[in-house]
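Undergrad: Dropping a structure here in structure tokens format, bear with me for questions.
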Amino acid sequence: MANLLSKNENLQKSAPVIGAEILKLIKESDTNMLSIFDAARSLRKTNKIGAKSLYYGILFLYSLDIIEFDAPYIISNVND
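Numbering-wise, the sequence shown is residues 0 to 79 according to numbering that gives the first Met the number 0.
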């Protein structure tokens, strides 16, 4: 897991950075929804991250009440 307080961790794989990438993907979509599978596919191609980093990024956003879940979709609670 990417630790926010460790000087040896890659910050590009930290939960807030991955969370920001997920929010960008949601914003680029026509609706405020994004499939978890589409997010994983896109982030794996562009950022070379694994499932664990994606998981922690989603949990980070959910803990801040920025996103919700409905079946395989990530739904944004934030209005532009």
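Don't be surprised by glycine CBs; every beta carbon is placed ideally from N, CA and C.
(1) Taking the continuous alpha helix (DSSP H) assigned at I82, which residues delimit it?
(2) Roughly how many angstroms lie between the CA atoms of D37 and K6, to the nearest whole one?
(3) Return the CA-CA distance between L22 and N9, expressed in angstroms with no decimal places.
(4) Beta-carbon within less than 8 Å of I65's beta-carbon, same chain only, minus the 5 sequence neighbours each way: which residues are those?
(5) Buried or exposed for K51, please, with buried defined as at least 16 other CB atoms from any protein chain shown within 10 angstroms of its CB.
TA: Reading from the atomic positions:
(1) The shown model of the chain, from 0 to 79, leaves out residue 82, and the question about it has no answer.
(2) 31 Å
(3) 20 Å
(4) G18, L22, S75, N76, V77
(5) exposed
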